[in-house]
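Residues 837 to 1062 (the working numbering) make up the sequence shown, in order. Positions of the beta carbon are idealized from the N, C-alpha and C atoms, including for glycine. Bear in mind that the values here come from a model prediction, so they are computed numbers and not experimental data. For reference, the structure discussed in these notes is given below.
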Amino acid sequence: MDADLWQRIGSDALALLLAASCPGCDSSGTLLCDACRMLLHAEPHEVRTPQGMPVHAALRYEGVPARAIRRLKEDGATMLARPLGAALGEILRRMSADALIVPVPTSRAAFRRRGYRVPDLLVRRAGATAHRLLVPARQAGDQRGLGREARARNVLGSLRAARRGHGQVVIVDDVVTTGATLDEAARALRAAGFVPVCAVALAATPRLSETARSMSTVSDMSVNGD
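Structure (structure tokens):
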């Protein structure tokens, strides 16, 4: 490349940086400040889907992590996939080396809008290989505002496996709210001969995390009671 082209690239990059703001604290002139970056380190915890599948979440979907994820998903800030992917990677590295990492597919409309698939991008930034074994079978309705049972009915039959196979798989999504989509992904993979062992999410919503903590407390009381 000639010197003029490199200068234009450098100028564009500088302009982007100066116009940027940290998604966590809105500090200007930075894509992610050091203080908020520290809050994206993994805080591993386990939740459960309605069908009882364990979901290993790296972060809680609140505060700085939630704002960073929304910036990635809604504003095209793909540079945030690297620190977020690092948090996801801390969980994925604990998974069996023999299990295939299968991201939940992005809807066609979301892919057209963003130009990238968020779960796939996060898996790559986590240093893992994404196996696209799941594809949409039909368009599910908007999940926003729906309760747990309504979400499960809404997504039932919305996914299918791209091929038949065998062996263990780990399902990956960016944010888990009730876990209905993960259960549907597991159903589709089982129907094709695969064995889902668990799911991994970048973040779990506070409601699901609180439910998991409440269930754990009840379990402890039943064991320790009398």
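Check                                                                                                                                         : Outcome
Considering only their Cβ atoms, is the gap separating VAL900 from GLY860 smaller than 8 angstroms?                                           : yes
Whole-angstrom Cβ separation of VAL883 and ALA1040, contact assumed at under 8 angstroms?                                                     : 5 angstroms
Going by DSSP in three states, GLN954 sits in which element: helix, strand or coil?                                                           : The sequence given here places Val at residue 954; Gln does not occur at that position. It is helical.
Taking only three categories from DSSP, how would you classify GLU898?                                                                        : coil
Is the Cβ-Cβ distance between ARG996 and GLY1029 less than 8 angstroms?                                                                       : no
Over the uninterrupted beta strand (DSSP E) stretch that includes PRO939, give me the two end residues.                                       : 936 to 939
Do three or more CB pairs link the region 901 to 909 to the region 928 to 944 at distances below 8 angstroms?                                 : no
My understanding is that ALA871 touches GLY865, with C-beta atoms under 8 angstroms, so please give their C-beta distance in whole angstroms. : Actually they do not touch by this definition, with Cβ atoms about 14 angstroms apart.
When the Cα atoms are used, what is the spatial distance from ALA1021 to ASP956?                                                              : 15 angstroms
Looking at the structure shown, is SER1055 part of a helix, part of a strand, or coil, going by DSSP?                                         : Note that SER1055 scores 38 on pLDDT, short of 50, meaning its location in the model is unreliable; the coordinates nonetheless yield the value given after this. The answer is helix: DSSP assigns SER1055 an H, G or I state.
Considering Cα atoms alone, identify which of CYS858, HIS892, ARG949 and LEU936 is closest to PRO919.                                         : CYS858
Quick one: is ASP1019 buried, meaning 16 or more other Cβ sit within 10 Å of its Cβ, or exposed?                                              : buried
Kindly indicate the opening and closing residues of the alpha helix (DSSP H) around LEU924.                                                   : 917 to 928
Can you tell which of LEU969, VAL1005 and ALA945 has the C-alpha that lies nearest to the C-alpha of VAL891?                                  : VAL1005
Bridge partners of ASP1009, per DSSP?                                                                                                         : ALA1037
On the DSSP bridge assignment, give the partners of HIS857 in chain order.                                                                    : The sequence shown places Ser at residue 857, rather than the His named in the question. BP columns for SER857 point to SER864.
Assign ALA849 to one of two classes, buried (16 or more other C-beta atoms within 10 Å of its C-beta) or exposed (fewer than that).           : With a pLDDT of 44 at ALA849, under the threshold of 50, the modelled position of that residue is not reliable, and the figure given next carries that caveat. That one is exposed.
Does DSSP put LEU876 in a helix, in a strand, or in coil?                                                                                     : coil
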